[in-house]
């Protein structure tokens with residue numbers, strides 16, 4: 081099941097999918113706990129938001145022209161929530177514990193790309209291990225990753241492929257405790273199904 085294909089009709093936002101959910105974030109879930117600003121750039125377009133991390137739980141708030149989209153990853157529950165704030169609705173995808181940033185384990189990367197370690201460098205005040213991933217499938221291009229040693233977390237990556245360049249980066253990182261409520265569905269929100277999404281998509285197509 082593809083989160084991006086479900087999210088587009090559900091959210092009804094004119095946002096390139098590459099901006100909504102980055103295609104690759106090659107890092108393991110860590111014990112880090114922090115919040116930060118998030119910026120995703122794709123050509124002349126940019127989207128901004130916030131990321132909240134508490135161990136394996138991750139919340140991503142992205143701000144679009146039609147309102148805020150929240151993606152909450154709960155690997156502990158084996159699901160992901162996509163929340164439409166303007167509509168006060170949410171979609172639950174059971175059996176899916178993929179991090180909203182699309183991160184992959186080293187074992188997964190070994191199967192799809194060649195890894196090359198580069199010289200460490202600082203970004204946002206954090207000393208980072210810098211790695212170049214070259215996909216075996218040349219159509220997918222390459223990924224440059226900056227992984228903060230102190231956080232054991234990727235804080236910047238650049239995806240280069242035939243479609244263009246997508247840069248995703250965290251900034252103004254604040255290491256602090258994140259309340260568990262941040263990773264729950266807000267009160268008063270209505271749960272909808274994939275069937276509901278399909279219906280809305282059809283209606284929008286008729287407008």
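In our numbering, the protein residues as written are 81 to 287. All residues carry an ideal CB built from backbone N, CA and C; glycine is no exception. On a predicted model such as this, the values are computed, not experimentally measured, just so you know.
Nearest candidate by alpha-carbon position, reference residue i, set the options
i	options	result
residue 236	113, 114, 118	118
residue 208	188, 199, 214	199
residue 247	121, 116, 112	121
residue 254	206, 191, 260, 211	206
residue 234	226, 240, 171	226
residue 249	203, 133, 111	203
residue 142	158, 163, 155	163
residue 272	165, 126, 171	171
residue 275	173, 114, 127, 146	173
residue 111	232, 261, 196	232
residue 197	167, 166, 147, 210	210
residue 146	167, 140, 157	167
residue 152	140, 158, 144	140
residue 270	159, 169, 129	169
residue 229	201, 220, 221	201
residue 165	155, 188, 159, 144	144
Host beta strand (DSSP E) of residue i (start-end)
i	result
residue 242	First-last for residue 242: undefined, no H or E at that position.
residue 117	113-122
residue 138	137-144
residue 194	193-203
residue 271	270-272
residue 256	Here residue 256 belongs to no beta strand (DSSP E), and DSSP marks it neither H nor E.
residue 165	Taken as a continuous stretch (DSSP letters only), residue 165 belongs to no beta strand (DSSP E), as it is neither H nor E.
residue 147	147-154
Residue i in three-state terms, based on DSSP
i	result
residue 232	coil
residue 265	coil
residue 134	strand
residue 217	coil
residue 275	helix
8 Å contact criterion, which residue i and residue j should meet: CB distance rounded
i	j	result
residue 244	residue 123	5 Å
residue 116	residue 257	Not quite, the Cβ-Cβ distance comes to about 14 Å (not below 8 Å), so this is no contact.
residue 263	residue 134	7 Å
residue 138	residue 131	7 Å
residue 195	residue 213	6 Å
residue 161	residue 238	Incorrect: roughly 28 Å between the Cβ atoms, too far for contact.
Within-8 Å CB hit, residue i to chain D
i	result
residue 123	The displayed structure is made up of one protein chain only, and chain D is not part of it.
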